[in-house]
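Inspection log for the structure reproduced underneath, given as structure tokens.
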Amino acid sequence: MYRLERTQRIPAPISEVFAFFSDPANLGRITPPGLRFRIRGERSSPLAAGSRIEYRILWAGIPIRWVTRITEWQPPREFEDVQEIGPYRRWRHRHRFAEDAAGVEMQDCIDYEMPFGVLGRLVHALRVRSQLEAIFEYRRTAIGEIFGNDSRTP
């Protein structure tokens, strides 16, 4: 099992930040264009416990179907999505939001496991980890552009 964690300060009220992340249509705005992210099927907007999101991405030229379900929903503080169908053996993404005088500290915590045993671990080391880091760096920049100046917090 691997973990990727990111923290970002967003200079906006928690209600605005949570509303943004509660709308699946905004996922495309914070995903690198090269992944050609597209939502498919019915859209649950805004999200809620039990919401299911089906989308497609393009990875290394290969179209991939990905389906996640919202398993925890505690507005405006946190929610969690878990992969039902997709490229990982397991994927759990927890989103946390904490408001303070400067805005919102947003935390992403992703626990994931690669398929295919030793081969999956090798692909993770050679490509997947760096791609996930690049995707979340793109997200940080896009969120900063959407909400104004931002900064990473330790």
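Mapped onto this note's numbering, the consecutive letters of the sequence shown carry residue numbers 176 to 329. From the three backbone atoms N, C-alpha and C, an ideal C-beta is built for every residue, glycine too.
query: Residues in its own chain within less than 8 Å of Arg204 by CB, not counting five upstream and five downstream?
result: Stepping through the sequence shown from its first residue, residue 204 is reached at position 29. Within the same chain, Arg204 has close Cβ partners Ala317, Ile321.
field: Whole alpha helix (DSSP H) elements within the stretch 179-221, 4-residue minimum
entry: 189-196
message: Quick check: the Cα distance between Pro329 and Arg181, rounded to an integer number of angstroms?
response: Along the sequence shown, read from residue 1 onward, the residue named residue 329 stands at position 154. Along the sequence shown, read from residue 1 onward, the residue named residue 181 stands at position 6. With a pLDDT of only 44 at Pro329, under 50, the local geometry of the prediction cannot be trusted, and the value read off the model is given with reservation. Spanning the two alpha carbons is a distance of roughly 9 Å.
- prompt: Residues bridged to Pro238 by DSSP?
  reply: The count along the sequence shown starts at 1 and reaches residue 238 at position 63. Paired residues: Leu233.
message: For the alpha helix (DSSP H) containing Arg304, name the first residue and the last one.
response: Taking the sequence shown and counting its residues from 1, the one referred to as residue 304 is at position 129. Where Arg304 is concerned, the enclosing alpha helix (DSSP H) stretches over 304-322.
message: Taking the alpha carbon of Gly323 as the reference point, which residue from Glu255, Leu179, Pro186 has its own alpha carbon closest?
response: Stepping through the sequence shown from its first residue, residue 323 is reached at position 148. It is Pro186.
Alpha-carbon spacing of Gly278 relative to Pro251, whole angstroms: Taking the first residue of the sequence shown as position 1, residue 278 is located at position 103. Taking the first residue of the sequence shown as position 1, residue 251 is located at position 76. Using only the alpha carbons, I get a separation of about 13 Å.
task: Going by DSSP, name the residue or residues bridged to Phe254.
output: As a position in the sequence shown, residue 254 is number 79, starting the count at 1. Beta-bridge pairing links Phe254 to Trp248, His270.
- prompt: With 16 as the cutoff for other CB atoms within 10 Å, does Leu222 come out buried or exposed?
  reply: Along the sequence shown, read from residue 1 onward, the residue named residue 222 stands at position 47. It is buried - the Cβ of Leu222 has at least 16 other Cβ atoms within 10 Å.
task: Between the Cα of Phe196 and those of Tyr263, Gly261, His270, spot the shortest distance and give me the residue it belongs to.
output: To locate residue 196, count along the sequence shown from 1; it is residue 21. For Phe196, the nearest C-alpha among the options comes from His270.
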